[in-house]
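First to last, the protein sequences are chains L and C. Heads up: the first sequence begins at 1 in our numbering, then just goes up one per residue. Heads up: the second sequence begins at 1 in our numbering, then just goes up one per residue. Everything on this sheet refers to the single structure shown next.
2 protein chains.
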Amino acid sequence: MSGAVLCPRTDGSFAARLALSAAADDGSWISTADFPAWLEGRRRAHHFKVERIPFAGLDGWSFTEDTGNLVHRTGRFFSVEGLSVTVGEGPFRHWEQPIIRQPEVGILGLLAKEFDGVLHFLMQAKMEPGNRNLLQLSPTVQATRSNYTKVHRGAGVKYLEYFTDPVRGRVAFDVLQSEHGSWFYRKTNRNMLVEALDEVPHDDDFCWLTLGQIAELLRRDNVVNMDSRTVIACFPTGGAARGALLPDAAVQSWVTVERSRHDVAADLVPLAGIKGWERDEFALARPDGRFFQVVAVSVEAGNREVTGWSQPLLEPTGPAVAAFLVRRIGGVPHLLVSARAEAGFLDTIELGPTVQCDPANWRGVPPPPFLDTVLAAGPERVLYEALHSEEGGRFLHAEIRYLFVEADETQAPLAPPPGFQWVTPGQLADLAGHAHYVNVQARTLLACLTSGAARLDALA
Amino acid sequence: MSGAVLCPRTDGSFAARLALSAAADDGSWISTADFPAWLEGRRRAHHFKVERIPFAGLDGWSFTEDTGNLVHRTGRFFSVEGLSVTVGEGPFRHWEQPIIRQPEVGILGLLAKEFDGVLHFLMQAKMEPGNRNLLQLSPTVQATRSNYTKVHRGAGVKYLEYFTDPVRGRVAFDVLQSEHGSWFYRKTNRNMLVEALDEVPHDDDFCWLTLGQIAELLRRDNVVNMDSRTVIACFPTGGAARGALLPDAAVQSWVTVERSRHDVAADLVPLAGIKGWERDEFALARPDGRFFQVVAVSVEAGNREVTGWSQPLLEPTGPAVAAFLVRRIGGVPHLLVSARAEAGFLDTIELGPTVQCDPANWRGVPPPPFLDTVLAAGPERVLYEALHSEEGGRFLHAEIRYLFVEADETQAPLAPPPGFQWVTPGQLADLAGHAHYVNVQARTLLACLTSGAARLDALA
Numbered sequence: 001m002s003g004a005v006l007c008p009r010t011d012g013s014f015a016a017r018l019a020l021s022a023a024a025d026d027g028s029w030i031s032t033a034d035f036p037a038w039l040e041g042r043r044r045a046h047h048f049k050v051e052r053i054p055f056a057g058l059d060g061w062s063f064t065e066d067t068g069n070l071v072h073r074t075g076r077f078f079s080v081e082g083l084s085v086t087v088g089e090g091p092f093r094h095w096e097q098p099i100i101r102q103p104e105v106g107i108l109g110l111l112a113k114e115f116d117g118v119l120h121f122l123m124q125a126k127m128e129p130g131n132r133n134l135l136q137l138s139p140t141v142q143a144t145r146s147n148y149t150k151v152h153r154g155a156g157v158k159y160l161e162y163f164t165d166p167v168r169g170r171v172a173f174d175v176l177q178s179e180h181g182s183w184f185y186r187k188t189n190r191n192m193l194v195e196a197l198d199e200v201p202h203d204d205d206f207c208w209l210t211l212g213q214i215a216e217l218l219r220r221d222n223v224v225n226m227d228s229r230t231v232i233a234c235f236p237t238g239g240a241a242r243g244a245l246l247p248d249a250a251v252q253s254w255v256t257v258e259r260s261r262h263d264v265a266a267d268l269v270p271l272a273g274i275k276g277w278e279r280d281e282f283a284l285a286r287p288d289g290r291f292f293q294v295v296a297v298s299v300e301a302g303n304r305e306v307t308g309w310s311q312p313l314l315e316p317t318g319p320a321v322a323a324f325l326v327r328r329i330g331g332v333p334h335l336l337v338s339a340r341a342e343a344g345f346l347d348t349i350e351l352g353p354t355v356q357c358d359p360a361n362w363r364g365v366p367p368p369p370f371l372d373t374v375l376a377a378g379p380e381r382v383l384y385e386a387l388h389s390e391e392g393g394r395f396l397h398a399e400i401r402y403l404f405v406e407a408d409e410t411q412a413p414l415a416p417p418p419g420f421q422w423v424t425p426g427q428l429a430d431l432a433g434h435a436h437y438v439n440v441q442a443r444t445l446l447a448c449l450t451s452g453a454a455r456l457d458a459l460a
Numbered sequence: 001m002s003g004a005v006l007c008p009r010t011d012g013s014f015a016a017r018l019a020l021s022a023a024a025d026d027g028s029w030i031s032t033a034d035f036p037a038w039l040e041g042r043r044r045a046h047h048f049k050v051e052r053i054p055f056a057g058l059d060g061w062s063f064t065e066d067t068g069n070l071v072h073r074t075g076r077f078f079s080v081e082g083l084s085v086t087v088g089e090g091p092f093r094h095w096e097q098p099i100i101r102q103p104e105v106g107i108l109g110l111l112a113k114e115f116d117g118v119l120h121f122l123m124q125a126k127m128e129p130g131n132r133n134l135l136q137l138s139p140t141v142q143a144t145r146s147n148y149t150k151v152h153r154g155a156g157v158k159y160l161e162y163f164t165d166p167v168r169g170r171v172a173f174d175v176l177q178s179e180h181g182s183w184f185y186r187k188t189n190r191n192m193l194v195e196a197l198d199e200v201p202h203d204d205d206f207c208w209l210t211l212g213q214i215a216e217l218l219r220r221d222n223v224v225n226m227d228s229r230t231v232i233a234c235f236p237t238g239g240a241a242r243g244a245l246l247p248d249a250a251v252q253s254w255v256t257v258e259r260s261r262h263d264v265a266a267d268l269v270p271l272a273g274i275k276g277w278e279r280d281e282f283a284l285a286r287p288d289g290r291f292f293q294v295v296a297v298s299v300e301a302g303n304r305e306v307t308g309w310s311q312p313l314l315e316p317t318g319p320a321v322a323a324f325l326v327r328r329i330g331g332v333p334h335l336l337v338s339a340r341a342e343a344g345f346l347d348t349i350e351l352g353p354t355v356q357c358d359p360a361n362w363r364g365v366p367p368p369p370f371l372d373t374v375l376a377a378g379p380e381r382v383l384y385e386a387l388h389s390e391e392g393g394r395f396l397h398a399e400i401r402y403l404f405v406e407a408d409e410t411q412a413p414l415a416p417p418p419g420f421q422w423v424t425p426g427q428l429a430d431l432a433g434h435a436h437y438v439n440v441q442a443r444t445l446l447a448c449l450t451s452g453a454a455r456l457d458a459l460a
């Protein structure tokens, strides 16, 4: 028998400490009122410039002779390849498309520390070429494996050691999460929260914010980047114990049934010659202009690991819409989740918002369920609305209008159509504690609830 | 606001009801002492015969002209294809092998009902051609999608409606679980437990047993089949709240790191011409006799959905060994789990037993960690030992010797080598509540703990 000291399996106090931080509208490091000036200061401190260039102007990137895939000469970073998709239902049953392949698992890491008894989070003012406004708030560390193995020979990633060397802090969570299944082939990143145990060195591009301050910034357009949002979505908030329309086992069973019943065949194919796409000097696109195009940009930056580079980006149409219909059921707010079969998912389906699409792509075909209900909602039904950018390192101006929209029985019945189910925010948050359950758009909306940016108290 | 009645998210009493059933050494339907005679009666009631035949004698199965894959003429059931595998570590870095591909998700369903206040489980005396003794105890329903969509035009699967039509019972769990990653390409089945709400019709090939009775049968060789074991492993036993060496977040983080750090490239390739394998009239095998061979059998059966058929089976060397090293740490029993990168897994690694291999396959290469410790254990260290068959519908005489072996600090240190970690049975059981965490061999061992077949109380 060993005399080793045991730990409690879960840290029961952490949810309460997160709630305290969410209630803190102002922080010890910077006041929320001063934040815009700080961010503007970081913008002025560096030189950023992004320009569209022809594919021929890319440095280190080229279309290979055999497959036509768009790859980097090192074979690292990512590649743009072809995907041939066949699904069993919906208006689009078979198609081919470009897709980003990036098999390495990166780290999205947020560092936490208590100041004056309140948890603060170390956010970075980070330029990504595809971001609206270029500079947004990223988590402390946003590192591909290429980043930290130094493939691009730049400077090291600041604070990375807190996430790779466990003795620097206490890991609150560390969970794989998928990213956009329509644009990435089976991409996952580690989403991590680490509480620093000692003094953390200062850096000018970083600031400590409470969860309440982050919530306020999440109410503004294009300030908090996608990587921050997905990490916050995983915060262990403890969930509500007040019951739900369906017990957890029934939710799990519904996920299992949805996962089993969808047939999705998605095979990587050579990018050259995929049907329905045409390439000119500047873009690989569909003649009908739908969905997205692949383009190239050159980047000049003063505070990135390297000071200049060029790269491909995926530029979607848009802005798209991602919305949860919400209802108070038996006194408890519920979200209407959808089981989404996106071609790039590892495991068939993940749970997404009620509605997730660019309405412009659905001209001439029957719209997805509930889209009209979301688009027609008057302001009295809109509990939250903001425009956020998706991953600015891979997507150009990929903006989504995120909403929570109140619905009633006529708009969103308690017995929803196939592929939809009512869950509480606590049930969704618990599923986000494991990989492959909650898609990245639903995680942005979940982060709005977790932080308090969106509040469901006002529900009738 | 809807007045719908909410459910508690989890049924707190179910774990206690399972514990009561596990404590019941005898049942209301049949006494454990009479069970062997009942099973023998079922054996006598039916005619079963399995014979090896040449591939040319297979009815409906053939090697296709283009790929050489072994397929059924309907394109259903399963196929034997080639897999080309490259991994980043270990003595075997690259190989090719046959693999079973069965993309449809089946149902392994166990029906529960209370008799005299104690939960009983409806077990089936079921013949599978690859089983030792042919007849073993399966769960109530064991159905591929081909079964229940009637591809083979046989009789319907008994009791299937309890698992496909939720109003017949209450779903206690319904979770996808992987099967053998070295023999199946990304195979998953739904593992389900349903509690019947009304009278359940009787059938001669089925019997109701308490969990305590099943535990006693799990102590015997080759009685409880793999499908039963994997379902029992998912029983929500509630776990122990007494703490663990690592908090749950640290276990999750370790899984995430292991999942991220392994590079496994596994691509389906034509079966014809895979390197290292040779096919004669009766077998597709390696000249060195290692790992497994693919063979063909003809089957005559009186109580299956169809009365006769022929099919390929995968016949491994063996028996193999699957063992957990166990220690009492801080007063609480812990299991040493390994992160296993099996080529057929969907998501890189799953948690397996400390040791899982056929020692005969490791002649001439350094043995896997802890194999010698398991093989050298005297009887005073062996807390559980039994021989069980793996899936008899796909594997021929695939037997594994399952063990729990007590270890000490010199044999299994608290700081284990990379790829190993200490978890409590409760932590492992909670992970088994989600897909892709716990492999099928570890689930057999977990079922032994859940049922009480193996007891860790005796640990020093």
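Glycine is no exception: its CB is placed at the ideal position from the N, C-alpha and C atoms.
In the three-state scheme derived from DSSP, where H, G and I count as helix and E and B as strand, R44 of chain C is classed as helix. The count of Cβ pairs closer than 8 Å, one atom from the segment 17-30 of chain C and one from the segment 206-219 of chain C, reaches three, so the stretches are in contact. One thing to note: G273 of chain L has its Cβ no nearer than 8 Å to the Cβ of H47 of chain L.
Annotation: the segment 353-441 of chain C contains the following complete segments of the beta strand (DSSP E) (minimum length 3 residues), in chain order: 355-357, 382-389, 399-406 and 420-423. Interface criterion not met: the Cβ of Q411 of chain C is under 8 Å from no Cβ in chain L.
When only Cα atoms are considered, Q142 of chain C and T317 of chain C end up about 26 Å apart.
Neighbours of C357 of chain C in chain L, taken as residues at a C-beta separation under 7 Å, are lacking, since the least C-beta distance is about 27 Å. Taking C-beta separations shorter than 8 Å and ignoring five residues to either side along the sequence, the partners of L336 of chain L in its chain run F324, L325, V326, R327, T354, F370, A407, A412, P416, F420, Q421 and W422, following chain order. For the segment 181-246 of chain L, the continuous alpha helix (DSSP H) assignments of 4+ residues that do not extend past its boundaries occur at 211-218 and 226-233, in sequence order.
If you check the CB distance, L6 of chain C and L245 of chain L come in under 8 Å. Taking V374 of chain C as the centre and dropping the five residues before and after it, the same chain places the C-beta of A323, V355 and V405 closer than 6 Å to its C-beta, in chain order. Around V85 of chain L, the same chain offers W95, A266 and A343 as residues with beta carbons nearer than 6 Å, after the five sequence neighbours per side are excluded. Within the segment 279-332 of chain C, the runs of beta strand (DSSP E) that reach at least 3 residues and sit entirely inside it are, in chain order, 292-301, 308-316 and 320-329.
Using a Cβ distance threshold of 8 Å, R259 of chain C and L176 of chain L count as a contacting pair.
Counting along the chain, Q102 of chain C sits inside no alpha helix (DSSP H), nor does DSSP assign it H or E at all. Of all alpha-carbon atoms in C:G68, C:R93, C:E65 and C:R101, the one lying nearest the alpha-carbon of R76 of chain C is that of C:R101. Less than 8 Å separates the beta-carbon of V194 of chain L from that of L111 of chain L. In this structure, the beta-carbon distance from L271 of chain L to L396 of chain L does not fall below 8 Å. For A22 of chain C, the enclosing alpha helix (DSSP H) covers residues F14 to A23. The CB of F173 of chain L comes closer than 8 Å to the CB of A249, Q252 and S253 in chain C, given here in chain order. The C-beta of L197 of chain C has fewer than 16 other C-beta atoms within 10 Å across all chains shown, which makes the residue exposed. With contacts defined by Cβ atoms closer than 8 Å, L18 of chain C and L134 of chain C do not form a contacting pair.
Sequence-ordered contacts of the segment 324-347 of chain C with chain L read R327, R328, I329, G330, G331, V332, L346 and D347 [C-beta pairs closer than 8 Å]. Cα atoms of T450 of chain L and L351 of chain L: separation of roughly 17 Å, rounded to the nearest angstrom. Neighbourhood of C448 of chain L in chain C, by CB distance below 8 Å: empty, with the nearest CB roughly 22 Å away. DSSP places F163 of chain C in the helix class (H, G or I) of the three-state scheme. Considering only beta carbons, the part of the segment 222-237 of chain L lying closer than 9 Å to chain C consists of P236, in chain order. Linking Q213 of chain C to R168 of chain C through their CA atoms gives a straight-line distance of about 25 Å. Take the alpha-carbon of A283 of chain C and the one of G289 of chain C: they are about 11 Å apart. DSSP, reduced to helix, strand and coil, places D457 of chain L outside both helices and strands of the structure shown, so it counts as coil. For T67 of chain C, there is no enclosing alpha helix (DSSP H), as DSSP marks it with neither H nor E.
When the five nearest sequence neighbours on each side are left out, the beta carbons in the same chain lying within less than 8 Å of the beta carbon of G106 of chain L are those of Q142, A143, T144, R145, N147, N189 and R190, in order along the chain. Contact between G109 of chain C and M192 of chain C holds, since their C-beta atoms are separated by about 4 Å, short of 8 Å. Ranked by Cα distance from D11 of chain C, the first of C:G378, C:V171, C:R52 and C:L137 is C:V171. Rounded to the nearest angstrom, the gap between the Cα atoms of W309 of chain L and A360 of chain C is 54 Å. Against chain L, a Cβ distance below 7 Å from G243 of chain C picks out L6, C7, P8 and R9.
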